[in-house]
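Number of protein chains: 2
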Amino acid sequence: MQKQQYLSKNQKIVLDHVEKANQPLKAYSILYNVQKKGLKAPLQVYRALDKLVEIGKIHKIESRNAFVACKNSNCLVSNATAFSICESCEKVTEINNSKLSKYLSNFEDNSGMKYSKYNLEFFGLCKKCKNK
Amino acid sequence: MQKQQYLSKNQKIVLDHVEKANQPLKAYSILYNVQKKGLKAPLQVYRALDKLVEIGKIHKIESRNAFVACKNSNCLVSNATAFSICESCEKVTEINNSKLSKYLSNFEDNSGMKYSKYNLEFFGLCKKCKNK
DNA sequence: TCGTATATTGTTATAATATAACGTTATGTA
DNA sequence: TACATAACGTTATATTATAACAATATACGA
Ligand SMILES: [Zn+2]
Ligand SMILES: [Zn+2]
Ligand SMILES: [Zn+2]
Ligand SMILES: [Zn+2]
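Sequence lines, in order, name chains A and B. Residue 131 is where the first sequence ends in numbering that gives the first Met the number 0, and the numbering goes up by one at each step. Residue 131 is where the second sequence ends in numbering that gives the first Met the number 0, and the numbering goes up by one at each step.
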């Protein structure tokens, strides 16, 4: 079997929903909202999310246990991600900065190891929240 | 009341246990192991962990939902952390690299924002696992 | 087109992670 | 002392995620 080219029914439904949100969604909130489309159980959502994360269409915000659609056509494979997270309003933005990604992809630790895969989460206050 | 100077009883018990482990521990594994010392409920462990994370003695490995003692005397405040994680044996190492931390602390996103707080997780294979 | 391997689905139950809500006790400070 | 804050203890519950099993769909070569 070839590497999957097209998304399955459940994968499409979940991706559609997450893309429309424009912000990270929790798995059970996704579940609740796609129940009218036939996905009844958590596993159906988690399985779709797993695949979508694997192929880079969706990223998991680890510190929030939430899922957001990729806004960065560069990370077709979900192995090098960076986000900024507002600690007040929880707004999350995917960072698309080639200098940063180059720096991190080329980073060598003290033992000389390189890592092509990473996840970086910045925390602070977004502009709106800073001006309150 | 002053900013806390000394750890409380439960905080000491949990920190002791996590420091001896030398690897990330799950909250419920900590709970199980400190029950002989009197911590009976999850909340007792989670509250101690919360405080210890807040003061930088312990870090949470977000992608693993696990907790590890800080090996880096520099991050007395737990706001700028970096780890390497082996995807095969799950070995986790805290990265202590001043160039990296300077680069990330000074990083400005496209809107000009800086973030003093971040968490970075690198993924790959540790030396042992690579040579298998 | 048949056989086979792999991917996806559907379903129920359960595991693992984390917090709410309440009241009590300890500790620091005026 | 009186007051505020921090820590503790306890029970119940919320939230996040996976195990296990059976069925169906899809791709592809013989
Ligand atoms: Zn992306
Ligand atoms: Zn904000
Ligand atoms: Zn540290
Ligand atoms: Zn390893």
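A virtual CB, placed ideally from N, CA and C, is assigned to each residue, including glycine. As the structure is a computational prediction, the values presented were derived from the model and not from experiment.
Compare the C-alpha of residue i against each of the options and name the closest.
i        : options                               : result
B:Tyr31  : B:Pro41, B:Leu124, B:Lys116           : B:Pro41
B:Glu86  : B:Phe121, B:Asn21, B:Leu6             : B:Phe121
B:Gly111 : A:Lys126, A:Asp15, A:Leu51, A:Glu93   : A:Lys126
B:Ala79  : B:Lys131, B:Lys113, B:Leu38           : B:Lys113
A:Ile94  : A:Tyr102, A:Leu103, A:Ser83           : A:Ser83
A:Gly55  : A:Ser97, A:Asn109, A:Gln10, A:Lys98   : A:Gln10
B:Lys116 : B:Lys70, B:Phe106, B:Lys8             : B:Phe106
A:Leu24  : A:Phe66, A:Lys8, A:Leu124             : A:Phe66
A:Asn71  : A:Gly123, A:Ser100, A:Gln34           : A:Ser100
B:Leu119 : B:Asn96, B:Cys128, B:Asn109, B:Lys129 : B:Asn96
A:Ser7   : A:Asn64, A:Lys50, A:Lys131, A:Lys59   : A:Lys50
B:Asn64  : B:Cys128, B:Lys19, B:Ala26, B:Lys35   : B:Ala26
A:Lys36  : A:Asp15, A:Asp108, A:Ser104, A:Leu124 : A:Asp15
B:Asp108 : A:Ala20, A:Lys131, A:Ala81            : A:Ala81
A:Gln22  : A:Asn130, A:Lys129, A:Lys59           : A:Lys59
Who are residue i's beta bridge partners in DSSP?
i        : result
B:Ser97  : Answer is none; B:Ser97 lacks a bridge partner.
A:His58  : A:Val67
A:Cys85  : A:Gly123
B:Leu30  : Paired residue(s): none; B:Leu30 is not in a bridge.
B:Lys19  : None, per the DSSP bridge assignment.
B:Leu24  : B:Phe66
A:Val44  : According to DSSP, A:Val44 bridges with nothing at all.
B:Tyr117 : A:Phe121, B:Ala79
A:Val52  : The partner list for A:Val52 (beta bridge, DSSP) is empty, contrary to what the question assumes.
A:Val91  : A:Ile84
Indicate whether at least one CB of chain A lies closer than 8 Å to the CB of residue i.
i        : result
B:Glu61  : yes
B:Ile57  : no
B:Asn71  : no
B:Ser110 : yes
B:Asn21  : no
B:Asn96  : yes
B:Leu99  : yes
B:Lys126 : yes
B:Tyr45  : no
B:Ser7   : no
B:Lys131 : no
Could you tell me whether the Cβ of residue i comes closer than 8 Å to any Cβ of chain B?
i        : result
A:Phe66  : no
A:Met0   : Reliability of the predicted coordinates at A:Met0 is poor, the pLDDT of 41 falling under 50, and no value is obtained from them.
A:Ser28  : no
A:Asn118 : yes
A:Ser87  : no
A:Gly37  : no
A:Ser104 : no
A:Tyr114 : yes
A:Leu48  : no
Contact defined as beta carbons within less than 8 Å: I believe residue i pairs with residue j. What is the distance between those atoms, to the nearest angstrom?
i        : j        : result
A:Val44  : A:Ile29  : 5 Å
A:Ile57  : A:Val17  : 6 Å
B:Val13  : B:Ala47  : 4 Å
B:Glu89  : A:Glu61  : 15 Å between Cβ atoms; not a contact.
A:Tyr102 : B:Tyr102 : 6 Å
Looking at ligand 5, does it come within less than 7 Å of residue i, judged from the CB to the closest heavy atom?
i       : result
A:Cys69 : Among the ligands modelled here, namely ligand 1, ligand 2, ligand 3 and ligand 4, ligand 5 does not occur.
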